[in-house]
Amino acid sequence: MKIKKGIPLIDQHDKNFMYGGKFGGNFIPETLKKPIDDLTTLFAKLRNDKKFLRERDHYFRSYVGVPTPFIKLEKLSDHLGGAQIYAKVVSEANGGAHKIYNATVHCLIAKRAGKKFIVGDTGAGYAGKMLSMAAKKFGLKCKIFMGAKDIKRQRPNVEAIKKNGATIVPVRTGSQTLVDAVSECMRYWVANNDTTNMCVGSTVGPNIFIKICAWSTAQISRELVKQVKEEFGKIPKKMKLLNCVGGGSSAMGFWNEFMDTDAEFIGIEAGGPKNSKYHAAPLTNGSKIGILHGAAQYVIQDKEGQIGSTESISAGLDYPGISPLHCFLKDTKRARYTSANDEEALKAYQLVSKLENISPSLEPSHAFAEAIKLAPKLKSSDVIIVNSCGDSLKDKDIIKEKLGSYIR
Amino acid sequence: MKSKISLVFEKCKKEKRAALITYTVAGDNTQKNSLKILNTISKHADILELGFPHNTPIADGGQIQESSHRALKNGLKLKNVFQIVKKFKKSSPNKPLIMMGYFNLIYQSGENNFLKNCKASGVDGLIIVDLPYPENVNFAYKCKKKSINFIQLLSPTTPKNRMKKIIKDSHDMIYYISMLSTTGGRLKVSPKKILQNYNKIKRINSKKNIVIGFGITNKTIASLKKADGLVVGSQLCKTITNSIKKRLNTAKVLNKMVYNLKKKII
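Structure representation (C-alpha cells):
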C-alpha cells in the first residue's frame, strides 16, 4: 500500500472507491445508489468548474472568513521548553470551528442540485450549528440529527442550531451519541432523497461524502502552507502537524496540502476516561476493519461485528469509526496516531487557556495534550503546529463540572 | 435442480396467488420464542425471512430496530441464528428460509465461513441490505456456487439500465422496495404506482420472481396482490413488541396475523 505523489489523496481510490484496496467503498442500500451516483457526478463536475470555485472562494472569504490566524504560542513554548509551538486558529472561522467549510460547500452543492432541504448529523454540535447557519444563509430548510446525550452536553451549540431556524431531531437509539445520529440521518435520507440533500459532518460515510468534506476542509492547509512559508521562509525540515481525530475532517484539511512534503502528521484520538475500558480510539488501540455507515474502516466493534460502545469527554471525537482516509494514512505510515485521555485533554485545555489568548475546545485539547507531552523532548529548532479547530465556549458546562471553574 | 425458492413461486403461480413472505428477527424476543414463531407462522407463510440483527442498521425503521435491539440485548450471537435456522429446517425442510442482514457480520465471519454455516444450517437465500450491485458480484457468485440464492434489491431510484444489469445478475428472486423509505414506513406511494413500477421490472424479464416489500401491512396487502410475492416485516415486529407489552403469547398472536394476511391475498 502506497500513497501516490501529486494526486489528491481523496482521488487515490480504485474503481470500487476503496483506498489501498481496503478502506472506504460504498456499502449502501440500493435506494441510495442513485442519489449517491448523482452527487458523485455533480461534484466531479463542480470541482473543475471555474465559476463554482470562484463562488466557493467568494463565500470562504466573505462568509467563512479566511484565512484564519496562524500564531506562535510563545508562553506555552517557553513554559514547556523544547519545540516551538504554533497554533492554526481555525476556531476563528465563522461559527467557531472547521465544520463551516464542509457545511458551506454542501449548501452550495445542494443549491446547484436544485434541492430545497438539507439534513446533517452532529456530535459536538458544530457540524449541526454550521450546517444550520449555512442553510439559513443559502435559503435551505435544515434538519439536524443529534444524539440525546449530546444534546444535553453541548447546550450552547444546540441553542445556536435552534436560533438558526433548523429543526433538531433528538436520536434516542443506541448510545444516543454521534454514531446513532449518523445512522438516523442516513435512514432519513434513504426515505427522503428525492427532495433532500444530506451533509455528512465528517470525512466518513459513503465515498462521496468523504471526498466533499476533505476537499472542503483542505482550505485550512491551503492557507497554512502560505503562512508557514511566510513565517519560516520555507517549510521547516522538522515540523509536526498535530490534530485531533474523531471522524477526521479537520485533520484531513490540516494535512492535505502538506501530503508531499516532509511534514510529520500526528493524529490524536480520544482515549476516553483514564482507567476506563471505553475509548474512541480505533487506530491507537488496534481495532479491526469493519463496515460502518457505508464504508470499510478501522472501527471499534466486537468479534461478531456489532459496533462497540465508545466514551469520550469530547462529543466531537466520540465515534467508534474513523475516516477511511486516516486508515489509509496509517497503513501507509504517512501519519501516526496516538491518543490522549479525558484528563489529559482537560489539563491541556486549562494550561493553554491560562497561558495564551486562545482557548481550545475539548477536541483540539486532545492534540494540545500530545504537544505538551512532545515539546519538552524536542529541540528549539523543532516546530509543532496544532490545529486549534474549536473554541472551548461550547464546553463551558462540562469544564465547570470537571474542573470547578471555566476560564477562557 | 430447482431451488426451494423457485418451487414455491411455481406453486403459487399455479394457485394464481402471490407468495406471502414474512420477516421476523432471530432471537426476538428470545431464541426459543423466535423459533416457535417460525414454526407457527410457516403454516401460512410461503417463504420466511429471518433477520440477523445488527446494532447500527442504516436502512431499518423503528420497529425492526426495536426487535433487533431486544434480540441483541438477550445476547444473541450469529451462531445462535444458525442454530435457530437448523432447528427450523429440521421440522420444515422444504420451507424456504432467507437470512437478511448487514454486511459487517459476514465480513467479520469471513465470506466463505459464513456461507459454510448457511449451507450447514439449511439457509436458502440471503438478503444483504448494504451490499448493492456491483459491489455484491463476487459474493453473489460465491452464493450461487453453494446453491444459495443471493437476492438482489431494486428500488424506485434504480435507473432502467442499472435495473437491467441487476436483473441479469439475479438468481431466483428479486426484492423490489416499494418506496423511498426505511423499513416500516407508511405506504406513501399509491399501490397503483407501485404496481406500475413492478410491471416495468416484469417487462424487462417476466420470468423473474419479483416480490414487493416495505410499507406492507394487513391494510395495504390486498391492493398489491398481483405481485409474485409480498413481504410483511415491520408490522410483525411491531406486533411482537405489542404482545410482549401485553404479556400475550407472541407465537399465537403472530400466527393469527399471518393467517389473516394470507387470507387477504388468496
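Taken in order, these protein sequences are the chains called L and C. The first sequence begins at 0 in numbering that gives the first Met the number 0 and counts up one residue at a time. The second sequence begins at 0 in numbering that gives the first Met the number 0 and counts up one residue at a time. Even for Gly, the Cβ is constructed at its ideal location relative to N, Cα and C.
Suppose the cutoff is 8 Å on Cβ atoms and the five residues either side in sequence are ignored; what does the same chain contact list for residue i look like?
i         : result
C/Ile-147 : Leu-114, Cys-117, Lys-118, Val-122, Asp-123, Gly-124 and Leu-125
C/Val-80  : Ala-25, Gly-26, Leu-49, Phe-51 and Met-98
C/Asn-278 : Residue coverage of chain C in this structure runs from 0 to 265, which leaves residue 278 of chain C outside it and unanswerable.
L/Cys-141 : Phe-116, Ile-117, Val-118, Gly-119, Leu-130, Ser-131, Ala-134, Lys-135, Asn-163, Gly-164, Ala-165 and Thr-166
C/Leu-229 : Ala-17, Ala-18, Leu-19, Ile-20, Val-210, Ile-211, Gly-212, Ile-215, Ile-220, Leu-223 and Ile-264
L/Gly-5   : Asp-259
L/Gln-226 : Pro-66, Phe-69 and Lys-87
C/Met-178 : Pro-155, Gly-184, Leu-186, Lys-187, Val-188, Ile-193, Phe-213 and Gly-214
C/Lys-3   : Asn-93, Lys-94, Pro-95 and Asp-123
L/Ile-9   : Ile-209, Lys-210, Ala-213, Trp-214 and Leu-324
Classify residue i as helix, strand or coil using the three-state DSSP reduction.
i         : result
L/Tyr-405 : coil
L/Ser-338 : strand
C/Gln-82  : helix
C/Leu-125 : strand
L/Val-382 : strand
C/Met-0   : coil
C/Phe-213 : coil
C/Lys-192 : helix
L/Tyr-85  : strand
L/Gln-296 : strand
L/Phe-16  : coil
L/Ile-27  : coil
L/Met-129 : helix
L/Asp-37  : helix
C/Leu-247 : coil
L/Tyr-277 : coil
L/Pro-408 : This structure does not reach residue 408 of chain L, given that chain L is present from 0 up to 407, and the question cannot be answered.
C/Ala-139 : helix
Give me the residue from the options with the minimum Cα distance to residue i.
i         : options                                       : result
C/Ile-36  : C/Ser-242, C/Ser-189, C/Leu-194 and C/Arg-16  : C/Ser-242
L/Arg-186 : C/Gly-183, C/Ile-166 and C/Ile-200            : C/Gly-183
C/Gln-234 : C/Leu-6, C/Val-7, C/Gly-60 and C/Ala-17       : C/Gly-60
L/Gly-252 : L/His-325, L/Ile-207, L/Lys-233 and L/Gly-289 : L/His-325
L/Leu-182 : L/Asp-193, L/Asn-192, L/Asn-191 and L/Gly-204 : It should be pointed out that residue 182 of chain L corresponds to Ser in this sequence rather than to Leu. Comparing Cα-Cα distances from L/Ser-182 to each of L/Asp-193, L/Asn-192, L/Asn-191 and L/Gly-204, the minimum goes to L/Gly-204.
C/Asn-204 : C/Ala-226, C/Ile-166, C/Leu-194 and C/Lys-187 : C/Ile-166
L/Asp-396 : L/Gly-289, L/Gly-293, L/Trp-214 and L/Arg-152 : L/Arg-152
L/Leu-402 : L/Ser-360, L/Glu-342 and L/Val-351            : L/Glu-342
L/Lys-148 : L/Leu-139, L/Phe-16, L/Ala-314 and L/Lys-128  : L/Ala-314
C/Thr-240 : C/Lys-94, C/Ile-83, C/Ile-193 and C/Ser-66    : C/Ser-66
L/Ile-228 : L/Asn-242, L/Glu-256 and L/Cys-243            : The sequence given here has Lys at residue 228 of chain L, not Ile. That would be L/Glu-256, whose Cα lies nearest to the Cα of L/Lys-228.
L/Tyr-125 : L/Ile-398, L/Glu-400, L/Asp-394 and L/Ile-406 : L/Asp-394
C/Lys-94  : C/Thr-55, C/Phe-149, C/Ser-5 and C/Asn-259    : C/Ser-5
C/Leu-152 : C/Lys-143, C/Lys-159, C/Glu-110 and C/Tyr-132 : C/Tyr-132
L/Glu-230 : L/Val-382, L/Asp-13, L/Lys-74 and L/Leu-52    : L/Val-382
L/Ala-82  : L/Val-385, L/Pro-375 and L/Asn-386            : L/Pro-375
C/Ile-173 : C/Asn-54, C/Lys-143, C/Thr-181 and C/Asn-208  : C/Asn-208
Tell me which residues share the same chain as residue i and place their Cβ nearer than 6 Å to its Cβ, disregarding the 5 neighbours each side in the sequence.
i         : result
L/Ala-180 : Asp-120, Phe-144, Met-145, Gly-146 and Val-170
C/Gln-62  : Gly-183, Ser-233, Cys-236 and Lys-237
L/Gln-300 : Gly-289, Ile-306 and Gly-307
L/Lys-71  : Tyr-85
L/Lys-273 : Asn-340 and Glu-342
L/Ser-248 : Ser-201, Thr-202, Cys-212 and Thr-216
Given residue i, which residues of its chain have a CB within under 7 Å of its CB, disregarding the five upstream and five downstream residues?
i         : result
L/Ala-347 : Ser-364, Phe-367, Ala-368 and Ile-371
L/Ser-275 : Glu-310
L/Thr-39  : Ile-207
L/Lys-128 : Gly-94, Asn-156, Ala-159 and Ile-160
L/Ser-409 : The displayed coordinates of chain L run from 0 to 407. Any statement about residue 409 of chain L would go beyond what the structure contains.
What are the uninterrupted segments assigned as alpha helix (DSSP H) that are 4 or more residues long and contained completely in the region 203-272 of chain L, given in chain order? Counting whole runs of 4 or more residues, the region 203-272 of chain L contains the alpha helix (DSSP H) stretches 206-216, 218-231 and 248-254.
Contact list for the region 153-180 of chain L against chain C, Cβ threshold 9 Å: Near chain C, meaning a CB-to-CB distance below 9 Å, the residues of the region 153-180 of chain L are Thr-172, Gly-173, Val-178 and Asp-179.
Short of 7 Å Cβ to Cβ, which residues in the region 108-133 of chain C face chain L? Within the region 108-133 of chain C, the qualifying residues are Val-128, Asp-129, Leu-130 and Pro-131.
For the region 136-169 of chain C, which residues have a beta carbon sitting closer than 9 Å to at least one beta carbon of chain L? Gln-151, Leu-152, Leu-153, Ser-154, Pro-155, Thr-156, Thr-157, Pro-158, Arg-161 and Ile-165
Please list the residues of the region 42-66 of chain C that have a C-beta atom closer than 8 Å to any C-beta atom in chain L, keeping them in chain order. His-53, Asn-54, Thr-55, Pro-56, Ile-57, Ala-58, Asp-59, Gly-60 and Gln-64
Along the chain, which unbroken stretches of the alpha helix (DSSP H) at least 4 residues long are found entirely within the region 50-101 of chain C? 61-72 and 77-90
Near-chain L residues of the region 169-188 of chain C (beta-carbon distance less than 7 Å), N- to C-terminal order: Ile-176, Leu-179, Ser-180, Thr-181 and Gly-184
Residues, ordered as in the chain, of the region 81-107 of chain C that lie near chain L by beta-carbon distance below 7 Å: Listed by position along the chain: Phe-102, Asn-103, Leu-104, Tyr-106 and Gln-107.
Jot down the residue ranges of each uninterrupted beta strand (DSSP E) in the region 298-347 of chain L, minimum 3 residues, whole runs only, in chain order. 334-339
What runs of the beta strand (DSSP E), each 3 residues or longer, lie entirely inside the region 147-200 of chain C? 151-153 and 172-176
Taking Cβ-Cβ distances below 9 Å as the criterion, which residues of the region 2-28 of chain C are in contact with chain L? none
Positions along the region 297-310 of chain L whose CB lies within less than 8 Å of some CB in chain C: Gln-300, Lys-302, Glu-303, Gly-304, Gln-305 and Ile-306
Which runs of the beta strand (DSSP E) at least 3 residues long sit entirely within the region 63-126 of chain L? Give them in chain order. 69-71, 83-87 and 116-121
For the region 138-215 of chain L, list the beta strand (DSSP E) runs that are entirely contained and at least 3 residues long, ordered along the chain. Segments of the beta strand (DSSP E) lying fully in the region 138-215 of chain L: 140-146, 166-170 and 195-198.
Using a beta-carbon distance cut-off of less than 8 Å, what residues from the region 229-258 of chain C approach chain L? none
Residues from the region 25-36 of chain L in contact with chain C, defined by Cβ distance under 9 Å: Asn-25, Phe-26, Ile-27, Pro-28, Glu-29, Thr-30, Leu-31, Lys-32, Lys-33, Pro-34 and Asp-36
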